[in-house]
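Visitor:
Residue numbers (our numbering): 9 to 70.
(1) What do you get for residue 49, buried or exposed, if any count of 16 or more other CB atoms within 10 angstroms of its CB means buried?
(2) For the candidate residues 66, 10, 67 and 59, whose alpha-carbon lies nearest to that of residue 35?
(3) Just the C-alpha distance for residue 61 and residue 53, rounded to the nearest angstrom, thanks.
(4) Check each candidate in 14, 38, 37 and 65 and name the one with the smallest Cα separation from residue 28.
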């Protein structure tokens, strides 16, 4: 959504507003990177489940 706002501001000549939004985008990109790094699954965890591992007993979802 922010990318669309930046594009709209640039297209309509609102360069000061676009610059402010670009700064905001950098903030959210850093946040997303930190979140991704914090929640990244370790390789060992990815090896725990096999194709026949039952993940949800109540709905019988493998």
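Note that beta-carbon positions come from the ideal geometry of N, C-alpha and C, so glycine has one too.
Guide: Looking at the coordinates:
(1) Residue 49 is exposed by the Cβ-count criterion.
(2) 10
(3) 13 Å
(4) 14
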